[in-house]
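In what follows, a structure is listed as structure tokens, so that the remarks can point back to it.
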Amino acid sequence: PGKQPAGEYAPQAEGSVTTFGHVIDGREVPSADGATFDSVDPFTGEIWARFPLGGKAEADLAVAAARRAFDEGPWPRMGRRERQAILTRLADLILEHGDELALADTRDMGKPITQSRGNDVPRTADNFRFFADHAQLTAAEALPMDSGHHAYTRYEAAGVVVAIAPWNFPMMLESWKVAPALAWGNTVVLKPAEDSPASATILARLALEAGVPPGVLNVVHGYGPDSVGEALTAHPDVDRITFTGESSTGRAIAGAAARNLTPVSLELGGKGANVVFADADLDNAVAWSVRAIFTNAGQVCLAGSRLYVHRSIQEAFLERFVAAARAMVAGDPKDPATQLGPLSSATHHAKVRSYFESIEAEGGTILTGALADGLFVLPTIVTGLAEDSPHQREEIFGPIVTVTPFDSEDEVVGLVNASPFGLNAMLFSENLSRAHRVASRLRVGTVWVNCFFIRDLRAPFGGVGDSGVGREGGSFSREFFTEPKAVVMQI
Ligand code: NAD
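In UniProt numbering, the protein residues as written are 15 to 505.
Structure follows, in structure tokens:
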């Protein structure tokens with residue numbers, strides 16, 4: 015067991031506001047200049063937590079701590095089995111502290127507690143367990159050569175990894191990056207999104223408790239542009255940058271990284287197409303389509319926000335789909351009965367509201383949905399929008415789905431592939447040949463057939479086009495977080 019974070023800054027509750035620090039070199043610390051920012055609970059509208067606002071100084075300190083821990087510390091040097099044991103202990107601690115972690119994400123960004131507690135916490139723990147096992151168990155190639163030589167591959171830790179995360183699945187997406195990076199022996203500086211910083215801090219505390227040495231997992235708080243995020247991505251002493259967020263931010267980060275030739279992995283925006291063929295099992299298609307667009311109030315990169323339904327079944331589909339959307343329970347995200355929480359922040363709500371308010375001007379018809387009190391947007395189903403409308407082309411990132419009829423397989427493949435995004439698509443069909451055929455023709459990183467969001471951590475995950483560069487998962491994460499080295503021996 016390692017140390018609890020210590021230092022001049024002890025986390026405490028100030029009245030009803032909980033304060034958190036950066037975690038740098040195993041200590042929980044404020045910013046050098048004392049600057050802070052607040053996290054507002056989007057349901058209550060009240061400040062619930064306060065964080066230090068980091069800048070270049072904190073980026074430098076955190077990268078230096080990670081560099082020292084990589085160059086001199088035990089983490090990259092210890093046996094894989096030992097790292098596996100520590101990360102497995104961390105997975106156990108994540109489950110033990112599941113209530114605290116889930117509440118942190120729910121208060122930061124309004125996600126229903128059933129999702130943060132029931133889905134995100136166990137998946138975060140699973141991610142640590144999976145990558146700990148994967149790094150311990152995967153073999154490296156050995157290649158006997160005709161010349162009598164023997165070539166083999168060593169997967170060596172890359173070094174200092176900067177991980178920058180979005181707010182929509184805070185701890186879960188952070189763990190997709192932190193777990194493989196740590197499992198392969200790297201050290202990490204994690205910058206959570208400014209709208210959801212709490213769970214990352216708790217995770218760093220738990221990592222120390224599990225025995226991850228100081229400096230191996232550092233967490234710094236602040237914004238992106240002109241702030242700690244930009245300072246981290248421009249830092250010359252960083253070996254990898256892994257980013258999940260908007261496509262425009264991905265472009266800025268790729269530009270910053272290019273100046274130092276730092277390899278980047280970019281998981282970016284999406285505009286998931288959801289295709290329901292005439293031969294679909296309608297009940298199954300409706301159930302998954304509801305989850306695909308309304309889970310987490312549509313704030314999912316993979317959201318099935320473009321729904322294409324075969325014209326012959328559109329009426330029957332819509333009748334059930336609209337009824338299911340209307341039946342969703344909106345409310346306090348801390349209430350286990352709630353299925354739809356508020357949007358994550360006032361700023362994000364303003365963006366989604368502007369899309370909602372322009373639906374009719376763009377020629378769309380709202381079958382169900384409304385702006386409600388506070389930051390709520392009720393499940394919204396729209397028909398009649400043209401393919402070139404902003405709603406159909408841009409990522410809204412809210413509970414708004416556009417429904418468009420199609421007549422033929424060729425036509426719908428063209429519609430799906432016309433998007434600049436290429437993260438994922440869903441197909442609903444009981445025809446096996448059609449499912450395979452269409453899956454092979456789509457320009458996306460993941461195709462789900464008769465389901466949605468089912469993930470095997472060995473499979474590649476990532477996007478095509480504006481949806482990203484690179485893949486995460488199993489050996490794909492290994493490729494990114496290591497420097498594969500060839501050793502050629504004369505026998
Ligand atoms: P965002 O791009 O606004 O912010 C993401 C992170 O980047 C934040 O931590 C932010 O502070 C930081 N950042 C912003 N500008 C920066 C800069 N110039 N330099 C360094 N860091 C910077 O994204 P968001 O609003 O937090 O998240 C929503 C977006 O994330 C959506 O587009 C969604 O599709 C995408 N997303 C993608 C995936 C995926 O796996 N492909 C998963 C989840 C979310």
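We treat Cβ as the ideally placed atom computed from N, Cα and C, and that holds for glycine.
Bridge-paired residues (DSSP) for residue i
i: Gly68; result: Answer is none; Gly68 lacks a bridge partner.
i: Ala171; result: Thr496
i: Phe335; result: Bridge partners of Phe335: none, in fact.
i: Glu486; result: Phe475
i: Ile61; result: Val54
i: Glu281; result: Thr258, Gly482
i: Ala165; result: Leu157, Val502
i: Pro419; result: Val323
i: Trp462; result: Met440
i: Ile178; result: Lys205, Phe257
i: Asn232; result: Val203
i: Phe435; result: Gly479
i: Ala344; result: Leu354
Option in the options with minimal Cα separation from residue i
i: Leu385; options: Val366, His111, Asp55; result: Val366
i: Phe467; options: Phe51, Pro419, Gly318, Arg492; result: Gly318
i: Thr496; options: Gly436, Arg265, Pro277, Ala218; result: Pro277
i: Val343; options: Pro126, Val31, Ala71, Ala118; result: Pro126
i: Asp346; options: Val289, Ile380, Phe65, Ala311; result: Ala311
i: Ala473; options: Ala306, Gly487, Gly479; result: Gly487
i: Asn232; options: Pro239, Leu220, Arg340; result: Leu220
i: Asp251; options: Arg82, Ala214, Leu282; result: Arg82
i: Ile38; options: Gly238, Gly428, Ala71; result: Ala71
i: Thr32; options: Gly59, Ala63, Thr50, Ser45; result: Ala63
i: Arg457; options: Gly286, Pro56, Leu389; result: Gly286
i: Ala149; options: Met92, Thr397, Glu425, Val314; result: Met92
i: Thr418; options: Phe435, Gly436, Leu399; result: Leu399
i: Pro56; options: Ala224, Pro180, Ala360, Asp480; result: Ala360
i: Glu223; options: Thr397, Arg103, Pro404, His362; result: Arg103
i: Leu151; options: Val391, Met503, Lys499, Arg492; result: Arg492
i: Gln504; options: Gly40, Leu157, Pro90; result: Leu157
i: Val391; options: Ala105, Ala364, Arg407, Gln328; result: Ala364
i: Gly484; options: Phe84, Lys191, Asp134; result: Lys191
i: Asn464; options: Ala118, Leu204, Val289; result: Val289
i: Ala78; options: Gly59, Asp106, Gly40, Ile61; result: Gly40
i: Gly459; options: Asp424, Gly378, Asn438; result: Asn438
i: Pro413; options: Gly428, Glu423, Glu401, Ile380; result: Ile380
Residue i Cβ short of 6 Å to the ligand NAD heavy atom set
i: Asn133; result: no
i: Gly238; result: yes
i: Glu408; result: no
i: Thr50; result: no
i: Ala400; result: no
i: Trp181; result: yes
i: Cys315; result: yes
i: Ala266; result: yes
i: Gly283; result: yes
i: Thr258; result: yes
i: Ala212; result: no
i: Gly243; result: yes
i: Ile216; result: no
i: Thr382; result: no
i: Glu72; result: no
Element boundaries [beta strand (DSSP E), containing residue i]
i: Pro158; result: 156 to 158
i: Phe51; result: 50 to 54
i: Glu96; result: Element bounds for Glu96: not the beta strand (DSSP E) but the alpha helix (DSSP H), 94 to 110.
i: residue 3; result: Past the edges of the chain, shown from 15 to 505, lies residue 3, and the structure says nothing about it.
i: residue 511; result: This structure cannot settle anything about residue 511, because the visible part of the chain is limited to 15 through 505.
i: residue 525; result: What is shown of the chain runs 15 to 505, which leaves residue 525 out entirely.
i: Val192; result: Premise fails: Val192 lies in the alpha helix (DSSP H), 184 to 197, not in any beta strand (DSSP E).
i: His36; result: 36 to 38
i: Leu381; result: 379 to 382
i: Ile468; result: No beta strand (DSSP E) holds Ile468; DSSP gives it neither H nor E.
i: Thr397; result: 394 to 397
i: Thr33; result: 31 to 33
Delimiting residues of the alpha helix (DSSP H) encompassing residue i
i: Ala46; result: From DSSP, Ala46 is part of no alpha helix (DSSP H); its letter is neither H nor E.
i: Ala299; result: 296 to 308
i: Val452; result: 446 to 455
i: Val242; result: 242 to 247
Chain B contact for residue i (CB, 7 Å cutoff)
i: Gln328; result: The structure shown has no chain B; it contains just one protein chain.
> Are the region 286 to 293 and the region 248 to 258 in contact at 8 Å, needing three or more beta carbon pairs?
Replying inline: Output reads no: the region 248 to 258 does not touch the region 286 to 293.
>> Pairs of beta-carbons, one from the region 359 to 374 and one from the region 140 to 155, closer than 8 Å: are there three or more?
In response: no
> Counting pairs of beta carbons, one from the region 324 to 334 and one from the region 296 to 305, are three or more of them closer than 8 Å?
Replying inline: yes
> Can we say the region 208 to 216 touches the region 96 to 116, given the rule of at least three CB pairs closer than 8 Å?
Replying inline: yes
>> Is it the case that the region 88 to 104 contacts the region 263 to 282, given that we only count it when at least three CB pairs across the two stretches are under 8 Å?
In response: The count of Cβ pairs closer than 8 Å, one atom from the region 263 to 282 and one from the region 88 to 104, stays below three, leaving the stretches out of contact.
>> Using a Cβ distance threshold of 8 Å, determine whether the region 221 to 230 contacts the region 190 to 202, with at least three qualifying pairs required.
In response: yes
> Taking three-plus beta-carbon pairs below 8 Å as touching, is the region 155 to 174 in contact with the region 48 to 57?
Replying inline: no
>> Would you call the region 115 to 125 in contact with the region 175 to 189, where contact means no fewer than 3 C-beta pairs closer than 8 Å?
In response: They touch, by the three-pair rule.
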